[in-house]
Amino acid sequence: MQYPIYRPRRTRRNETLRRMVRETCLSPDNLIYPLFVVHGEGVRKEISSMPEVYHLSVDEIVKECQECWGLGIPAVILFGIPHGKDPMGSEACDPEGAVQKAVRAIKDAVPEMVVITDVCLCEYTDHGHCGIVEKGEVLNDPTLELLARSALSHARAGADIVAPSDMMDGRVAAIRDLLDEEGYSDTVIMAYSVKYASAFYGPFREAAESTPQFGDRRSYQMDPSNRVEALREAALDIEEGADVIMVKPALPYLDIIAALKDRFDMPLAAYNVSGEYSMVHAGGRLGWIDAEKVMMESLISIRRAGAGMILTYFAKEAARVLE
Ligand code: PBG
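Sequential numbering from 157 applies to the sequence shown in the working numbering.
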């Protein structure tokens, strides 16, 4: 296989040839659309750091899901903005919480759509951390029960998949145990197994009003320098009963996605997070990049690295390009 006998350019000469040798494809089937649910009615309020991403009340969420389903997107993931916040994040477990109400409404209106719920306390606690706080420390074990109860309230509302994003140790097992005990052995767990302490979550924290009021999340989220630890985290979650494992963020961690794909025979998801989204939009608005092309290239790269599911704020835009 040497030049001039072999010329790699031969199979790149036209679009049909390129189609035939293409190794990776992206379909709306791969996409999961994140949505932010608020209380009230008729609410559709744009998040300033995330163009075309909104705080939506339940009635608006239903419309959004109908549109997604029409575009061929199979699933949404819900984040809730509660009425009020307190140290224990009470609304996380409330059957009348924004997320729980939205799940019921979506399952009513678009029953085949898969509804995923983010399980975490940071949107619900007044201190903005993902667990119970005592003397400035985020406590692991006492947090597990709250997370499990929150996941159970989502399953009771009809969630198909619960997705713990808190990074407490042992939370997958705690959630699996309680779900099974309560008769929800079919509820899928998508674990944010490898979640880095990342600055790319900035815009999301505005959207979810979940910026920690003191310190940061480095005592529970992973150090961006670590790769071997990512393999250990994923192995633990699989042993504890995770059905899907996830890497987050996506683009700066494509090597981690590839490593997990190689090591584990499990469905693999990647979260193309808020900062990744906002940067592309910002660059596009400034006229510095072609935002649509950068979006499609980013998504295909995440697929190529090995993720079968991509959680992305681009889901609708990408599905339209793929139509
Ligand atoms: C909450 C959570 C976060 C994201 C998803 N779930 C933020 C965080 O850990 O601070 C980030 C998503 C995004 O940036 O798009 N635990």
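Just so it is clear, CB atoms sit at the ideal spot from N, CA and C, and this is done for glycine as well.
Residues of its chain near residue i, where Cβ-Cβ distance is below 6 Å and the 5 sequence neighbours each way are ignored
i: S321; result: D274, C276 and Y348
i: A353; result: R373, R374 and Q377
i: I229; result: P184, L187, Y189, A471 and A475
i: V209; result: I203 and Y469
Proximity below 7 Å, CB of residue i to CB of residue j
i: W225; j: V289; result: no
i: T299; j: G245; result: no
i: P549; j: F356; result: Any answer about residue 549 is impossible in this case: the structure gives the chain only from 157 up to 479.
i: I413; j: V403; result: yes
i: R332; j: L303; result: no
i: A258; j: V194; result: no
i: L467; j: R419; result: no
i: L416; j: A390; result: yes
i: I401; j: A426; result: no
Spatial neighbours of residue i in its chain, beta-carbon cut-off 8 Å, leaving aside the 5 residues before and after
i: I272; result: I188, A231, V232, I233, L234, A315, D316, I317, V318, A319 and M346
i: M323; result: C286, Y348, K351, R373, Y376, Q377 and M378
i: L334; result: A304, R305, A307 and L308
i: G292; result: F370 and G371
Minimum C-alpha distance to residue i - residue among the options
i: V491; options: G358, V270 and A390; result: Residue numbering for the chain in the displayed model covers 157 to 479; residue 491 lies beyond these limits and cannot be assessed.
i: Y409; options: V350, L303 and G196; result: V350
i: L212; options: G198, E223 and A391; result: G198
i: S454; options: V429, G196 and Y210; result: V429
i: D297; options: Y469, D325 and A311; result: D325
i: Q256; options: G339, D242, Q222 and A311; result: A311
i: Y469; options: P243, N170, E220 and Y159; result: E220
Cutoff 7 Å; reference residue i; Cβ partners in own chain excluding five residues on either side
i: R174; result: R168
i: H437; result: P207 and A447
i: R361; result: T367
Residue i CB to nearest heavy atom of ligand 2 below 6 Å
i: F470; result: What this structure holds is ligand 1, not ligand 2.
Cα-Cα separation, residue i to residue j
i: A307; j: I161; result: 60 Å
i: A471; j: P184; result: 8 Å
i: H283; j: E365; result: 11 Å
i: P368; j: A461; result: 32 Å
i: A313; j: E268; result: 15 Å
i: D399; j: S341; result: 12 Å
i: G397; j: M451; result: 33 Å
i: R165; j: C181; result: 20 Å
i: D411; j: R178; result: 21 Å
i: L478; j: P359; result: 26 Å
i: V279; j: M176; result: Val is not the amino acid found at residue 279; the sequence shown has Glu there. Taking the straight line joining both Cα atoms gives about 46 Å.
i: A363; j: G464; result: 26 Å
i: V214; j: G196; result: 8 Å
i: F192; j: I237; result: 7 Å
i: D336; j: E301; result: 14 Å
i: E252; j: G240; result: 13 Å
| query | Are three or more beta carbon pairs between the region 374–384 and the region 431–438 nearer than 8 Å? | reply | For the pair of segments examined, the region 374–384 was found not to touch the region 431–438: the number of CB pairs separated by less than 8 Å stays below three.
| field | Three or more C-beta pairs below 8 Å linking the region 202–211 and the region 250–266 | value | Short answer: they don't touch.
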